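Trainee: Residue numbers (the working numbering): 14 to 777.
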């Protein structure tokens with residue numbers, strides 16, 4: 014049974030708009046990341062508020078009836094005028110899993126064949142509701158054959174099924190009546206009070222999940238037999254709609270209105286009660302008293318009965334606003350207001366659908382075409398090329414984007430730079446410590462900070478996987494003398510053995526191996542990780558192929574890692590193994606550094622009270638050059654500095670100015686060795702902290718990049734004609750990939766249909 018709404022503006026103008034909204038819901042766009050909100054009408058109310066009768070009289074569909082709660086899941090009703098026979102098709106739509114978590118992909122499946130007999134609808138809906146509660150996905154036909162006793166068990170939840178579900182029943186009504194109006198609405202389970210608290214809260218959350226959407230028109234059924242303040246459904250509606258812009262009150266059971274409450278209800282109805290006034294107003298409907306025992310009346314009979322009631326019973330017989338009385342006026346108002354809501358939403362919906370379509374097309378473009386549309390070797394070659402490009406971008410450090418920067422994600426290159434910086438600090442920690450005079454403070458730090466510049470990099474992130482070895486044992490002049498004497502062979506007194514310098518240098522160079530190999534291991538593990546990630550990204554669509562690719566890339570990586578490790582070890586050996594150590598072509602820097610260290614050690618050795626501080630004479634700053642040219646001159650200069658025998662201008666001072674002269678004659682050679690070794694550390698330190706990272710980058714990272722593409726193709730025998738069938742078999746795509754491709758194609762077809770319909774409405 015339908016209400017004659019042939020004159021409704023909604024009936025004339027909104028069929029295509031409703032079809033778009035329905036199609037959008039079926040396309041599942043509301044479950045995507047765009048969260049498209051589609052305007053709809055929702056009917057809510059408490060138990061026994063007459064909500065089910067409202068649904069029946071609007072749709073002509075008999076809903077399940079029984080004592081207690083009958084509606085246990087949302088029911089979406091779509092009424093469409095048709096040219097054929099009257100029929101109803103029931104569907105099950107699942108948007109949530111058994112735990113109530115929203116699914117990535119919503120499904121809609123028919124529940125049986127179309128129904129042509131109106132009296133069969135109620136039982137079909139009850140069985141569909143049971144299938145929803147049971148979370149059945151297959152063999153839904155078994156629910157058609159349930160005995161009445163089984164249905165009763167489900168209805169009373171005595172068989173262990175959930176009491177309620179967020180998944181929905183879809184009821185598509187096809188009505189050939191010329192007076193049928195197209196309409197869509199959702200009937201929600203009635204709110205309850207006398208149940209367990211968790212059940213009450215579950216229903217409230219379900220209702221709120223619908224009515225909190227800004228494009229939801231809320232119809233609230235309120236029986237006039239109770240005070241409006243007592244109705245939780247109205248409180249929830251106004252909480253979701255505090256400005257009272259999209260809520261419509263439907264007052265039921267006017268025949269039970271007591272004389273004492275007439276004035277209050279009349280003020281609510283005509284809008285003079287400010288507390289309860291709604292911008293869309295209130296309507297009164299008089300429903301059948303025996304609705305639970307008989308099917309809905311025919312249209313003419315219902316209108317006649319309802320009209321008689323409002324004409325012959327006070328206070329309605331005197332009420333002036335007659336367009337607020339009766340179901341016919343209610344539906345006309347619903348159609349008008351829903352039309353306005355949809356009109357306002359259409360431009361936004363149009364843009365959202367276009368964006369969703371672009372998103373789906375982009376995702377579809379990333380899924381390989383079915384192999385039948387491409388040659389197997391070409392598919393694999395393309396994938397290998399994509400792997401190469403991804404790895405190239407990672408190694409070059411151009412794989413960052415706005416999203417990764419905002420998230421603070423550090424790229425492969427940025428992480429490696431931190432590791433190299435940590436290596437730099439570790440190498441520097443091995444700087445030899447010399448104490449030119451026994452018992453004095455550490456004399457290892459010159460006035461120049463030429464080797465300390467990295468400490469200015471306060472924002473660098475250290476890699477905890479690299480050990481700071483620290484310096485070799487601290488040595489004073491006596492210890493250095495022992496090294497000289499222990500190294501002496503045929504050398505005459507006054508000639509420092511070359512071996513003494515080399516042994517002292519080897520002590521700190523040997524400490525470089527541990528942090529260097531730790532650095533290499535960290536970078537190589539990081540490269541292996543990103544390689545595997547790129548392999549998974551580009552080949553996981555083909556599980557069999559991926560299984561063949563992974564061992565190949567693992568072996569290629571292992572080979573490259575071994576070659577790179579050998580190169581790093583060669584770099585370390587070049588710093589330590591004779592005849593190459595000590596070695597440098599950077600003599601200008603070595604001389605400059607020796608000059609500073611010689612000046613520093615001479616000053617520390619001749620240390621005196623602050624009141625007797627002197628300026629290091631200029632002649633001392635040339636000690637380094639004289640070390641390699643004239644050993645006797647160096648000794649004389651150092652001794653004069655240490656004994657205070659030179660004035661600040663370089664001239665001799667008399668004995669009265671140097672009343673306290675240190676005894677230094679025996680340590681001239683030792684201080685020369687200290688200055689040489691410390692200066693050579695600066696030279697080799699600056700060299701190794703550049704050379705090791707460059708070796709790793711070139712032989713490991715770049716080396717793998719240069720071999721990966723050809724190596725995979727060669728190991729797969731990609732272009733061998735005899736491998737064609739095997740390659741083709743490897744390209745058997747995953748079931749999930751095929752299903753996702755088909756899903757995207759289906760959704761794009763629906764979205765394209767939506768866009769076409771919207772463009773026909775004038776949207777661009």
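Cβ coordinates follow ideal geometry from the N, Cα and C atoms, glycine included. Computed from a predicted model, the values in this text were never measured in an experiment.
Find the nearest neighbour of residue 283 within the set 297, 271 and 273, judged by alpha-carbon distance.
Mentor: Nearest C-alpha to residue 283: 297.
Trainee: Can you give me the C-alpha to C-alpha distance between residue 596 and residue 703, rounded to a whole angstrom?
Mentor: Going from the Cα of residue 596 to the Cα of residue 703 covers about 16 Å.
Trainee: Buried or exposed for residue 468, please, with buried defined as at least 16 other CB atoms from any protein chain shown within 10 angstroms of its CB.
Mentor: Low per-residue confidence applies at residue 468: pLDDT is 47, beneath 50, and the placement is therefore not dependable, though the value from the model is reported in the following sentence. Residue 468 should be labelled exposed.
Trainee: Is it the case that the Cβ atoms of residue 548 and residue 563 are separated by a distance below 8 Å?
Mentor: Yes, they are a contact pair.
Trainee: Distance, Cα to Cα, residue 375 vs residue 761?
Mentor: Distance between the alpha carbons of residue 375 and residue 761 is about 11 Å.
Trainee: Just reading off the beta strand (DSSP E) that residue 296 is part of, what are its end residues?
Mentor: Segment 295 to 297, the beta strand (DSSP E) holding residue 296.
Trainee: Could you spell out where the alpha helix (DSSP H) holding residue 615 opens and where it closes?
Mentor: Where residue 615 is concerned, the enclosing alpha helix (DSSP H) stretches over 600 to 618.
Trainee: Could you tell me how far apart the beta carbons of residue 448 and residue 487 are, in whole angstroms, since I believe they sit closer than 8 Å?
Mentor: About 6 Å separates the two Cβ atoms, so the contact holds.
Trainee: Would DSSP call residue 109 helix, strand or coil?
Mentor: Looking at residue 109 - three-state DSSP - the assignment turns out to be strand.
Trainee: Look at the alpha carbon of residue 583 and the alpha carbon of residue 528, and state the distance between them as a whole number of angstroms.
Mentor: Residue 583 and residue 528: Cα-Cα distance of roughly 15 Å.
Trainee: Over the uninterrupted alpha helix (DSSP H) stretch that includes residue 58, give me the two end residues.
Mentor: Segment 53 to 58 is the beta strand (DSSP E) holding residue 58; no alpha helix (DSSP H) there.
Trainee: Counting only C-beta atoms, is residue 769 closer than 8 Å to chain D at any point?
Mentor: Considering every chain present, this structure includes no chain D. It has just one protein chain.
Trainee: Rounded C-beta distance between residue 186 and residue 55? I'm assuming under 8 Å.
Mentor: About 18 Å separates the two Cβ atoms, so there is no contact after all.
Trainee: Quick one: give me the first and last residue of the beta strand (DSSP E) that residue 689 is part of.
Mentor: From DSSP, residue 689 is part of no beta strand (DSSP E) but of the alpha helix (DSSP H) over 681 to 709.
Trainee: Please report how far the alpha carbon of residue 424 lies from the alpha carbon of residue 288, in whole angstroms.
Mentor: Answer to the nearest angstrom: the Cα atoms are 59 Å apart.
Trainee: Classify residue 556 as helix, strand or coil using the three-state DSSP reduction.
Mentor: DSSP places residue 556 in helix when its eight states are reduced to three.
Trainee: Can you give me the Cβ contacts of residue 351 inside the same chain, cut-off strictly under 6 Å, excluding the 5 residues immediately before and after it?
Mentor: For residue 351, where only same-chain residues beyond five positions count, the Cβ hits under 6 Å are 54 and 230.
Trainee: On the DSSP bridge list, what partners appear for residue 104?
Mentor: DSSP, once it has assigned bridges, lists 123 and 183 as partnering residue 104.
Trainee: Given residue 766, which residues of its chain have a CB within under 8 Å of its CB, disregarding the five upstream and five downstream residues?
Mentor: If we look at residue 766 and ignore the five residues flanking it on each side, its Cβ neighbours are 36.
Trainee: To the nearest angstrom, report how far apart residue 213 and residue 206 are at their CA atoms.
Mentor: Computed Cα separation, rounded: 6 Å.
Trainee: Would you mind reading off the limits of the alpha helix (DSSP H) that contains residue 491?
Mentor: Start and end: 490 to 500.
Trainee: Looking at the unbroken beta strand (DSSP E) that takes in residue 6, where does it start and where does it end?
Mentor: There is no way to answer for residue 6, as the model of the chain reaches only from 14 to 777.
Trainee: Using only CA atoms, which one of 574, 325 and 279 lies nearest to residue 709?
Mentor: Nearest C-alpha to residue 709: 574.
Trainee: Between which two residues does the alpha helix (DSSP H) holding residue 138 run?
Mentor: It spans 134 to 146 - the alpha helix (DSSP H) in which residue 138 sits, taken as one unbroken run.
Trainee: Do residue 348 and residue 194 have their C-beta atoms closer together than 8 Å?
Mentor: Cβ atoms of residue 348 and residue 194: closer than 8 Å.
Trainee: Between which two residues does the beta strand (DSSP E) holding residue 89 run?
Mentor: Run containing residue 89: 88 to 94, per the beta strand (DSSP E) assignment.
Trainee: Would DSSP call residue 579 helix, strand or coil?
Mentor: The answer is helix: DSSP assigns residue 579 an H, G or I state.
Trainee: What separation, rounded to the nearest whole angstrom, lies between the Cα atoms of residue 183 and residue 175?
Mentor: Taking the straight line joining both Cα atoms gives about 20 Å.
Trainee: Reducing DSSP to helix, strand and coil, say where residue 115 ends up.
Mentor: Residue 115 falls in the strand class under three-state DSSP.
Trainee: Considering only the beta carbon of each residue, do residue 200 and residue 51 sit closer than 8 Å?
Mentor: Not in contact: residue 200 and residue 51 (Cβ atoms no closer than 8 Å).
Trainee: Which runs of the alpha helix (DSSP H) fall wholly inside the region 326 to 398 and span at least 4 residues, in chain order?
Mentor: If we require 4 residues or more, the alpha helix (DSSP H) runs fully inside the region 326 to 398 come out as 340 to 379.
Trainee: Kindly identify the DSSP beta-bridge partner or partners of residue 197.
Mentor: According to DSSP, which records beta bridges pairwise, residue 197 is partnered with 91.
Trainee: Run through DSSP, which three-state label would residue 596 get?
Mentor: Residue 596: coil per DSSP, three-state reduction.
Trainee: For residue 5, which of 482, 367 and 550 has the nearest alpha-carbon?
Mentor: Any answer about residue 5 is impossible in this case: the structure gives the chain only from 14 up to 777.
Trainee: Should the region 89 to 107 be regarded as contacting the region 262 to 277, the criterion being three or more beta carbon pairs within less than 8 Å?
Mentor: Verdict: no, contact absent.
Trainee: Who are residue 448's beta bridge partners in DSSP?
Mentor: Beta-bridge pairing links residue 448 to 489.
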